[in-house]
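S.K.: I am attaching a structure below and will ask some questions about it afterwards.
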Amino acid sequence: MPWLRSVCTGLALVLCALAALAQTPQQTPLLYAAERDDQRVFVFGSIHLGVDGMYPLPATVLDAFDTADALALELVLDEIDAATMQRALATYARLPPGQSLAGVMPDALWWRTQAAADALGLSVAELATSRPWYVATQLVLLKLAQSGFRMEQGVDQHLASRARRLGKRVLALENLYEQMSAFASMDPQTEQSYLALTLDELPDMQPYAARLLGAWWRGDAAAINELGNEQIRIAGGEALYQRLMVARNRRMVTRIMTAATRYPTLFVTVGVAHLVGEGDLISMLKDAGYRMTPLP
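Under this note's numbering, the first residue of the sequence shown carries the number 1039, and numbering increases by one thereafter.
Okay, here's the thing in structure tokens:
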């Protein structure tokens, strides 16, 4: 049963990664304090998918979080209703009427996509009218789910639940349309290349996720940049990197600055790749006049 062997291998990799985390004391995921005038903002790099055994977060992170008046996330997923999700999918993730996934790509790429979907238990009919970028995303999420990585276990969701228990306000720095539009802006050829590269890397997705988990926990900026940002450049080119990372960082900084005028202490949690590499959020906050201090 190949699928069962794949699941067992993935779980073993995750368990090894978690064991390594337990043996790396005095290392903390990337966390910064940003100060300007009477504003104090903590900026924490997250991973959006998580596994059992990741929590609790380090005391440095939780201590900073508990002092905050509000939590700001990229998206507040559990506040997105079904109608909004369907509108966003129809606008950005679906092909135009009359087009099909099989019809917008070469036969060889379509056959590979079918084989990958079948191996993950995904009905090809569910993907028939989806755009290639969205298909690639769904295949990755399903592959990672085999290893126990799930959105509901991610750092964002974990901190949102903690914030609500403590009576803190939870804010969104973006909306779903803004996030999806960054992917949907790819031209057809780039989308096909993005899907093809995803299919190439799908067999190695589980060890990749384990490496990323370790790099996140260690606060290893160089490894995070290589595993995150450089992979975006390889998959979608410089234009996708600018839209998916740099432009969004610029927009999020503007909204962080606005939120910081309303809440004396703000805790910001965004994907850790936003904190490293060219056009990173930390550099933009510094350019906006914030004193940036990495916390141990």
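Built from N, CA and C at the ideal position, the CB exists for glycine as well.
Using 10 angstroms around the beta-carbon of M1224, count the other beta-carbons present and answer buried if the total reaches 16, otherwise exposed.
M.R.: Classification of M1224: buried, given that the 10 Å Cβ count is 16 or more.
S.K.: What do you reckon, are the CB atoms on R1132 and S1161 nearer than 8 angstroms?
M.R.: It is not a contact, given that the beta carbons lie outside the stated cut-off.
S.K.: Under 8 angstroms between the Cβ atoms of A1166 and S1185?
M.R.: Cβ atoms of A1166 and S1185: not closer than 8 angstroms.
S.K.: Going along the chain, which residues of its own chain have a beta-carbon closer than 7 angstroms to the beta-carbon of V1178, five neighbours each way excluded?
M.R.: Excluding positions up to five away in sequence, the list reads T1236 and M1243.
S.K.: How many angstroms separate the CA atom of E1073 from the CA atom of R1329?
M.R.: Distance between the alpha carbons of E1073 and R1329 is about 5 angstroms.
S.K.: Whole angstroms are fine: how far does the CA of Q1195 sit from the CA of M1123?
M.R.: Spanning the two alpha carbons is a distance of roughly 18 angstroms.
S.K.: Name the two residues that bound the continuous beta strand (DSSP E) containing S1084.
M.R.: That run of the beta strand (DSSP E) goes Q1077 to S1084.
S.K.: Where DSSP assigns a beta bridge to P1332, which residues make up the other side?
M.R.: Paired residues: Y1070.
S.K.: Please name the residue in A1163, D1090, E1112 and Q1227 whose C-alpha comes closest to that of V1142.
M.R.: The shortest C-alpha separation from V1142 is found at Q1227.
S.K.: Any idea which residues DSSP pairs S1168 with across the strands?
M.R.: Paired residues: R1132.
S.K.: Measuring alpha carbon to alpha carbon, tell me which residue in I1320, A1326 and Y1093 is nearest V1081.
M.R.: The candidate whose alpha carbon is nearest that of V1081 is I1320.
S.K.: Rounded C-beta distance between M1283 and G1317? I'm assuming under 8 angstroms.
M.R.: Contact flag correct, Cβ pair sits at about 6 angstroms.
S.K.: Note down, one range per segment and in chain order, each alpha helix (DSSP H) of at least 4 residues found wholly within the segment 1189 to 1272.
M.R.: Counting only runs of 4 or more, we get 1193 to 1203, 1214 to 1222, 1226 to 1239, 1243 to 1256 and 1259 to 1262.
S.K.: Under the assumption that L1304 contacts A1108 (Cβ atoms under 8 angstroms), give the Cβ distance between them as a whole number of angstroms.
M.R.: Their Cβ separation, rounded to whole angstroms, is 6 angstroms, which keeps L1304 and A1108 in contact under 8 angstroms.
S.K.: So what does V1306 bridge to, in DSSP terms?
M.R.: V1081 and A1110.
S.K.: From the DSSP secondary-structure annotation, give me the bridge partner or partners of G1088.
M.R.: R1188.
S.K.: Go ahead and pull the three-state DSSP assignment for D1318.
M.R.: D1318: coil per DSSP, three-state reduction.
S.K.: Using only CA atoms, which one of L1197, S1231 and K1206 lies nearest to G1083?
M.R.: Of the candidates L1197, S1231 and K1206, the one whose C-alpha sits nearest the C-alpha of G1083 is L1197.
S.K.: Can you tell me which of the three DSSP states R1300 falls into?
M.R.: Reduced to three states, the DSSP call for R1300 is coil.
S.K.: Can you check whether the C-beta of R1289 is within less than 8 angstroms of a C-beta belonging to chain B?
M.R.: The chain labelled as chain B is not found in the depicted structure, where only one protein chain is given.
S.K.: Could you give the DSSP three-state label for Y1279: helix, strand or coil?
M.R.: Of the three classes helix, strand and coil, the one that applies to Y1279 here is helix, per DSSP.
S.K.: Could you round the C-beta distance between L1233 and L1323 to whole angstroms and report it? I think they count as a contact, below 8 angstroms.
M.R.: Their Cβ separation, rounded to whole angstroms, is 34 angstroms, which puts L1233 and L1323 out of contact at 8 angstroms.
S.K.: Roughly how many whole angstroms lie between the Cα atoms of S1285 and P1094?
M.R.: Note on identity: in this sequence residue 1285 is Ala, with Ser being the wrong assignment. Distance between the alpha carbons of A1285 and P1094 is about 32 angstroms.
S.K.: Roughly how many angstroms separate the alpha carbons of E1212 and A1311, rounded to a whole number?
M.R.: If I take the Cα positions, the gap works out to 16 angstroms.
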